[in-house]
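>
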Amino acid sequence: MTLLRNDRPTAEPTAHSAGSADRGIPDATVARLPLYLRALNALADDGVATCSSGELADATGVNPAKLRKDLSHLGSYGTRGVGYEVQYLSYQIARELGQTHTWDVVIVGAGNLGTALSTYQGFGTRGISIAAVLDDDPARIGTVVGGVTVEPASRLDAIVRERGIAIAVIATPGAAAQKVADQLVAAGITSILNFAPAVVQVPDEVELRKVDLSIELQILAYHEQRRSCDVAVASVVDKEVTA
């Protein structure tokens, strides 16, 4: 269920234009806003009209005090004894995340990862539309993934400019990532999500986010290793105590 309060004034200022443009919203807060929005949408689907900060915090795994501070950046403080209006808070967060309209995205790389991203059905309800998928492999060009025909990567510049695309996803092998990033920036892309296993450099004015699935799994493996060591040590101690 999409909860965008279109009955609210369209000129209503966002948190950035309402006096916080000089300081913005902290990146850590921005990273949590999608969690709040997902939880609020679930509450709305269940017919819940209002919720307390504690209820929303429980649904997202965030400390209630931190949640209230996050929402204060949006100018939303709730009502004492009542809490937050679920539908309007959803609208506020969706507006701040740019989800009150649709953003076209280009994916560069139509391999396994690029195809998986292209066919993901959840983007549409979050204001994201996959407008183009590009690849340089002749075997992939012309195929259809997620309802989008794969086009030649050589047309990247023209496609980005003709379709007014501002956001791109890099889903190429690591060796090609920097070249692709350079091409995207030259074409006018201002926000990039990099899934390639490589560090890429972009100008300061370009927003860059990095997702490395292998690193995330290695971090989990580290914690499992530590857990296994702790269990082994505890077992040895128990044996010594009972000996």
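Numbered per numbering that gives the first Met the number 0, the sequence shown spans residues 0 to 242. Each residue gets a CB set at the ideal place from its N, CA and C atoms; glycine is no exception.
1. If you count every other CB in all the chains shown that lies within 10 Å of the CB of V105, and 16 or more means buried, which is it?
2. Can you tell which of L155, A41, V132 has the C-alpha that lies nearest to the C-alpha of G145?
3. Decide if P137 is buried, meaning its Cβ has at least 16 other Cβ atoms within 10 Å, or exposed.
4. Since R125 sits in a beta bridge, which residues does DSSP pair it with?
5. Per the contact definition of three or more C-beta pairs closer than 8 Å, is the stretch 163 to 172 in contact with the stretch 185 to 203?
6. Give me the residue from A180, S153, R154, A174 with the minimum Cα distance to I166.
7. Applying the 10 Å Cβ sphere with the 16-neighbour rule, what's the burial state of Y90?
8. Taking DSSP's pairing of strands, which residues face S117 in a bridge?
9. Give the list of continuous alpha helix (DSSP H) stretches no shorter than 4 residues that lie fully inside the stretch 43 to 114.
10. Take G108 and list the residues in its own chain whose beta-carbon comes closer than 7 Å to its own, dropping the five residues that flank it on each side.
11. Could you tell me which residues DSSP puts in a beta bridge with S190?
12. Just the Cα atoms here: how many angstroms apart are S51 and E84?
13. Among the residues of its own chain, which have a CB less than 6 Å from the CB of V210, if the five just before and after it don't count?
14. Mind checking who L133 pairs with in its DSSP beta bridge?
15. Which residues does DSSP pair with V144 in a beta bridge?
16. Just to confirm my understanding: we take P151, look at its own chain, exclude 5 residues before and 5 after, and list those with CB closer than 6 Å. What are they?
17. DSSP three-state label for G18, please.
18. If distances are taken between C-alpha atoms only, which option among G46, L66, D45 comes closest to P33?
19. Anyone know if the C-beta pair for I164 and D103 falls short of 8 Å?
20. Anyone know if the C-beta pair for D246 and R37 falls short of 8 Å?
21. Using a Cβ-Cβ cut-off of 7 Å (strictly less than) and excluding sequence neighbours within five positions of G125, which residues of its own chain qualify?
22. Any idea if Y119 is buried or exposed, counting beta-carbon neighbours within 10 angstroms, 16 or more meaning buried?
23. Does DSSP classify D211 as helix, strand or coil?
24. Closer than 8 Å by C-beta to L112: which residues in its own chain qualify, once you throw out the five before and the five after it? Chain order, please.
Working from what's here:
1. buried
2. V132
3. exposed
4. According to DSSP, which records beta bridges pairwise, R125 is partnered with nothing at all.
5. yes
6. A180
7. buried
8. In the DSSP output, where bridge partners are listed per residue, S117 has none listed.
9. 52 to 59, 63 to 71, 85 to 95
10. D134, I169, A170, T171
11. I166, E206
12. 9 Å
13. F194
14. V107, E150
15. V147
16. I140
17. Because the pLDDT of G18 is 35, which lies under 50, any placement of that residue in the model is unreliable, and the question is left without a value.
18. L66
19. yes
20. This structure cannot settle anything about residue 246, because the visible part of the chain is limited to 0 through 242.
21. Note that residue 125 is Arg in the sequence shown, not Gly. The answer, listed in chain order, is Q98.
22. exposed
23. coil
24. A170, F194
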